[in-house]
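Using my numbering, the letters of the sequence shown correspond one by one to residues 1 to 178. Even glycine gets a Cβ: it sits at the ideal position worked out from N, Cα and C. Presented below is the structure to which this report refers.
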Amino acid sequence: FTMFGLAALTSEEITLWRILGAIISFSGVCVLFLPTETFEIKINEMLIMILAAAGWGVYSFLGKNAKEPLLETTQNLIWAIPFVSIFFILSPDGIGVKGFILAILSGAITSGLGYVVWYSILPFLKTSFAAILQLSVPLMAAIAGVLFFSEEMTMELVFATILVILGTFVSLIKRQGK
C-alpha cells in the first residue's frame, strides 16, 4: 500500500490491470498467512509489522534512485545498527551478545546481498510493479522452507503461489494501443 501511495503521489500512471493484479497477488499472500487454528490478534505486534511494511515500502521507493546499490545498501545497514541496538538493549528476553553479533552478520550478509540486488533492479521498475513483486517474497521464503528445511507443501501454499504469479502477470497487461 505504501509503494502504491507513493507511486500515485509521484504521478505514476497506475492502470486498472495493475490494480487488479495487485489485488490478486495480495489475496495470495493473505491465503498464505491465513491462520489454520484459532489465534489471538496482538495489537502491538501487528502495529510493528505494519510499520515495518511501510518502512520497507519507503526504503524500496528511495531505492529507485540508487546510483551505487552496494555502497548505498552498506550505508543503510550501518545506519540501522543503532536502531537495532536499541531493541537489543530493551529486549525483555535478551538475545545475548553472541546472538546479537550473529543477527548483525546474517542480516548484513544474506539480507544485504538481497538488498543490493533489489536496489540494482529498482531503477528499471515502475514503483507500483515493484510493490507487486514484493508480494512474492513471502512465497519464496515458504518455498525455500519446503525445499531446504522439510517444511510441508500445503494446498494453501500452492494456491497462494498461483494467485501471486497470476496477479503479477495480470499487472503487466497493457491497455490496448499502448
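Check	Outcome
Buried versus exposed, by CB contacts within 10 Å (16 or more), residue 183	Nothing in the structure corresponds to residue 183, since the chain is present only between 1 and 178.
Segment limits, alpha helix (DSSP H) that includes residue 138	137 to 149
Beta-carbon spacing of residue 17, residue 170 below 8 Å	yes
Status (buried if at least 16 other CB within 10 Å, exposed otherwise) for residue 160	buried
Cβ separation of residue 157 and residue 32, assumed to be a contact under 8 Å, to the nearest whole Å	7 Å
Cβ contact (3+ pairs, closer than 8 Å) linking the stretch 58 to 67 and the stretch 115 to 133	yes
Distance between residue 102 and residue 162 (C-alpha atoms, nearest Å)	35 Å
Where residue 169 falls: helix, strand or coil (DSSP)	helix
7 Å Cβ shell around residue 72 - same chain, five flanking residues per side excluded	66, 119
Identity of the residue in 99, 79, 47 nearest residue 59 by Cα	79
Proximity of residue 137 and residue 69 at Cβ, strictly below 8 Å	no
Buried/exposed call for residue 130, threshold 16 Cβ in 10 Å	buried
Contacts around residue 91, its chain only, beta-carbon distance under 7 Å, and the 5 residues preceding and following it disregarded	none
Local conformation of residue 98 per DSSP, three classes	helix
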